[in-house]
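Worksheet: one structure, shown below.
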Amino acid sequence: MSILLLEASREEPEVGGVSAFANMLPGSNIDWMYHTQPQQYGLMGGSSTINTMIYIRGNSRDYEEWAEEGNSLAGARKKLFYFLKSENNLNPEVMEENQHYHSQSGYDLTNR
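When you line the sequence shown up against my numbering, it's residues 111 to 222, in that order.
Quick look at the structure:
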């Protein structure tokens with residue numbers, strides 16, 4: 111099998127990996143300023159470069175709906191298992207208040 115990836119953009123600038131510079135990217139020469147779905151930004155990785163490195167989990171109702179539709183990998187409990195497995199939450203307040211929904215054992219650093 112061969113796959114050809116055609117990308118209309120240049121490489122991501124170094125500031126794309128620094129969340130403090132995220133406000134500089136929208137409206138810049140890498141932002142194609144599309145307001146529809148086709149392609150939002152003109153970089154490899156698309157809008158992930160401009161998303162300010164925010165970590166948000168999906169809604170548990172959506173995961174349950176996927177499971178009901180036949181996706182055996184979905185379901186809120188199954189997804190929570192993997193969220194906990196991957197998360198390394200550095201915020202002691204979050205860990206104290208929500209220890210059933212967060213962990214500090216994963217590789218994905220999160221903080222408030």
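Glycine is no exception: its CB is placed at the ideal position from the N, C-alpha and C atoms.
- Just so you know, the alpha carbons of I140 and L116 end up roughly 17 Å apart.
- In terms of CA proximity to N198, R222 leads the group V125, R222, N133.
- The Cβ atoms of K188 and G216 lie no closer than 7 Å to each other.
- When the Cα atoms are used, E174 and G185 turn out to be separated by approximately 4 Å.
- Minimum Cα-Cα distance from N133 among the listed residues A118, E178, E121, I164 corresponds to I164.
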